[in-house]
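The sequence shown lines up with residues 80 to 242 when you count with my numbering. Step one of this worksheet: look at the structure below.
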Amino acid sequence: MKTGFWLRGVGLFCLFAMVGCEPHVSMEAERQLVVEGQYEKGIEALETYLRNNPESAEASRAAFFLGKAHLGADKSLDGATIIFEKILRDFPDSLEAHKSKYKLGMIALWMGDIDMALARFRPLAEVPDGPLAPEARQMVLFLERFRTEPVHANQHEEGEARP
80 MKTGFWLRGV
90 GLFCLFAMVG
100 CEPHVSMEAE
110 RQLVVEGQYE
120 KGIEALETYL
130 RNNPESAEAS
140 RAAFFLGKAH
150 LGADKSLDGA
160 TIIFEKILRD
170 FPDSLEAHKS
180 KYKLGMIALW
190 MGDIDMALAR
200 FRPLAEVPDG
210 PLAPEARQMV
220 LFLERFRTEP
230 VHANQHEEGE
240 ARP
């Protein structure tokens, strides 16, 4: 009788301990597609992953790789922009949000919008221990210098034309 009571107690403990626990679903296979340059397959796989696991602990990371896949697949920059901005809204305190701000700065630069690029890079540069602070500071310095004295491919550092 005591054994049966004890087993029921252990069973109930296990049941309560598992309530709210979800199995960890990894997105490594989807990420690997992007790393290997299989962007179209990566986009499809990551979209499926996010649709099936929107609350996953790796959802912000999956979304970031989805944005990178869009950039790599030569999709429109608008598609990648939408994904990176969604990361800022949905996962504002994540490392991926920080990285997305940098990617948005790069997209603005690629589109020729220096003001927007500076607006994206400056806040990152102002976070002394931020993971992309050194890169962001260099981008701000370069873009501010570029604004005042555009650099041409056929110029030396001293401003002389190359032979």
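By construction, the Cβ of each residue, glycine as well, lies at the ideal position given by its N, Cα and C atoms. These numbers come from a predicted model, not from an experiment.
- Contact check for ALA148 against GLY121 passes: the beta carbons are separated by less than 9 Å.
- Taking 9 Å as the cut-off, the Cβ atoms of LEU129 and ALA138 count as close.
- The beta-carbon separation of PHE163 and LYS182, rounded to 5 Å, stays under the 8 Å limit for a contact.
- A residue is called buried when at least 16 other Cβ atoms come within 10 angstroms of its Cβ; GLU175 meets this threshold and is buried.
- Within the same chain, and ignoring the five residues on either side of GLU223 in sequence, the residues whose Cβ sits closer than 8 Å to its Cβ are LEU197.
- Under a 10 Å Cβ-count criterion, GLY146 is classified as buried, with 16 or more other Cβ atoms of the shown protein chains found around its own Cβ.
- If you check the CB distance, LYS178 and PRO210 come in under 9 Å.
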